[in-house]
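Data block below; observations after.
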Amino acid sequence: MFRSSTIILVLSVIYLTYAYESPIEEKDFKKLLKQNKNVLVLWAPNDQSAKSTLQVFKQTEPEIKGRGLFVYVNCEKGKKLCKKYKINSKNAELRHFKDGEFHKVYDRAVSLKSMLNFMFDPSGDLPWEEDTTAHSVLHLNSPKDLEKALKIQLPMLAMFYAPWCGHCKRLKPTYAEVAGEVRGQHILAAMNVDKEGCHSVRAQFNITGFPTLIYFEKGEEKFRYSGGHSKDDLLKWLKDPQPPAERKEETEATSDFFPTDGENANYVVQLNDTTFDSFIAENTQAPILVMFYAPYF
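So the number in our numbering is just where the residue sits in the sequence shown, counting from 1, plus 5.
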């Protein structure tokens with residue numbers, strides 16, 4: 006018969022609390038993990054120490070229904086299970102289990118937003134807005150956030166990125182550092198336009214690659230930044246924002262990257278906005294491998 010003392014609390018679609026006559030057995034716990042591929046377990050010495058985290062669980066649970074599961078284990082009553090999993094009985098701890106196996110210790114903020122981000126992508130990188138080194142960057146989480154930011158009087162450079170983009174990852178630390186140095190003069194904003202709810206921004210500003218850096222003044226797009234990605238490059242440009250320089254002749258601009266002399270001269274063709282479509286249309290007899298690149302990487 007069930008009673009009020011809770012040994013394991015499972016939050017599912019309808020937020021259910023299960024209580025057991027005796028501590029849950031290890032085999033039953035393992036079965037629970039195998040039946041649910043994405044499980045975040047709160048281990049705590051008692052209900053009091055778990056209280057604040059359970060409140061966040063309750064807030065987050067409706068948003069992850071069908072995609073994940075929260076579990077609470079009271080180590081005061083479930084000593085055997087906690088000992089088996091080598092839980093420190095003095096402190097509450099969150100551990101994630103993926104596909105029935107331990108995945109990682111939860112190392113993010115215990116908040117609705119952070120927990121949602123984690124449960125939607127447990128293997129993903131820490132969201133940039135949660136990185137303490139990026140506090141000087143204005144993180145935009147929705148089109149409405151962008152709309153509000155564009156009403157701010159200061160000039161704004163916005164970096165539109167995707168979390169999986171390698172070039173974006175390399176630029177982030179530098180961008181955050183620059184944001185700190187120009188604070189009060191410029192706003193450096195950032196927006197993940199690859200997440201649900203932000204795709205409309207990609208269409209609005211014709212963002213076709215990552216990262217895309219757009220400079221705004223008085224709420225209007227003024228320039229697209231196409232310079233180098235070093236700290237000095239960005240700081241120098243922000244002192245005197247200018248439109249992209251006129252392109253050099255394509256063969257000159259790319260000669261350092263694709264030499265066209267020697268034995269491969271007949272196999273590498275330099276293309277640009279003007280020649281790309283016609284070249285593809287005129288060469289249909291054999292497969293064509295195209296490398297899209299940026300000279301500054």
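For each residue, glycine too, the CB sits at the ideal point set by N, CA and C.
What did DSSP end up calling residue i once you bin it into helix, strand or coil?
{"i": "E81", "result": "coil"}
{"i": "M196", "result": "strand"}
{"i": "E122", "result": "The amino acid at residue 122 is misidentified as Glu; the sequence shows Asn. Of the three classes helix, strand and coil, the one that applies to N122 here is helix, per DSSP."}
{"i": "T307", "result": "Only positions 6 to 302 of the chain appear in this structure, which leaves residue 307 out of reach."}
{"i": "R229", "result": "strand"}
{"i": "H204", "result": "helix"}
{"i": "F284", "result": "helix"}
{"i": "H172", "result": "helix"}
{"i": "L74", "result": "strand"}
{"i": "A114", "result": "coil"}
{"i": "V61", "result": "helix"}
{"i": "A258", "result": "Caution is warranted here: a pLDDT of 44 is assigned to A258, below 50, making its placement in the model unreliable, and no coordinate value can be reported."}
{"i": "L145", "result": "strand"}
{"i": "L151", "result": "helix"}
{"i": "K109", "result": "strand"}
{"i": "L162", "result": "strand"}
{"i": "V187", "result": "coil"}
{"i": "S27", "result": "Note that S27 scores 43 on pLDDT, short of 50, meaning its location in the model is unreliable and no value can be drawn from it."}
Looking at the unbroken alpha helix (DSSP H) that takes in residue i, where does it start and where does it end?
{"i": "W242", "result": "236-244"}
{"i": "F34", "result": "31-40"}
Which term fits residue i, buried or exposed, when burial requires 16 or more other beta carbons within 10 angstroms of its beta carbon?
{"i": "T217", "result": "buried"}
{"i": "G303", "result": "Residue 303 lies beyond the residue range present for the chain, which begins at 6 and ends at 302; the question has no answer from this structure."}
{"i": "V110", "result": "exposed"}
{"i": "I212", "result": "buried"}
{"i": "G73", "result": "buried"}
{"i": "N79", "result": "buried"}
{"i": "T137", "result": "exposed"}
{"i": "E106", "result": "exposed"}
{"i": "T58", "result": "buried"}
{"i": "K153", "result": "exposed"}
{"i": "V76", "result": "buried"}
{"i": "A114", "result": "exposed"}
{"i": "V206", "result": "buried"}
{"i": "Y298", "result": "exposed"}
{"i": "F281", "result": "exposed"}
{"i": "P292", "result": "exposed"}
{"i": "L294", "result": "exposed"}
{"i": "K169", "result": "What sits at residue 169 in the sequence shown is Trp, not Lys. Burial call: exposed."}
{"i": "E287", "result": "exposed"}
{"i": "V46", "result": "buried"}
{"i": "I69", "result": "buried"}
{"i": "S283", "result": "exposed"}
What are the start and end residues of the beta strand (DSSP E) that includes residue i?
{"i": "R100", "result": "98-103"}
{"i": "L45", "result": "43-49"}
Does any heavy atom of the ligand PLP sit closer than 8 Å to the C-beta of residue i?
{"i": "L45", "result": "No copy of the ligand PLP occurs in the structure displayed, which carries no ligand at all."}
The segment 111-123 touching the segment 60-68, judged by at least three CB pairs closer than 8 Å: yes
At least three beta-carbon pairs within less than 8 Å, the segment 195-210 to the segment 232-250: Taking a contact to require three or more Cβ pairs closer than 8 Å, the segment 195-210 and the segment 232-250 do not qualify as touching.
The segment 216-236 touching the segment 158-172, judged by at least three CB pairs closer than 8 Å: These segments touch.
The segment 222-240 / the segment 171-186 touching (three or more Cβ pairs under 8 Å): As far as the Cβ criterion goes, the segment 222-240 touches the segment 171-186, which means the pair count is three or higher.
contact_flag[the segment 37-44, the segment 90-106] where n(CB pairs < 8 Å) is 3 or more: yes
At least three beta-carbon pairs within less than 8 Å, the segment 80-90 to the segment 142-151: no
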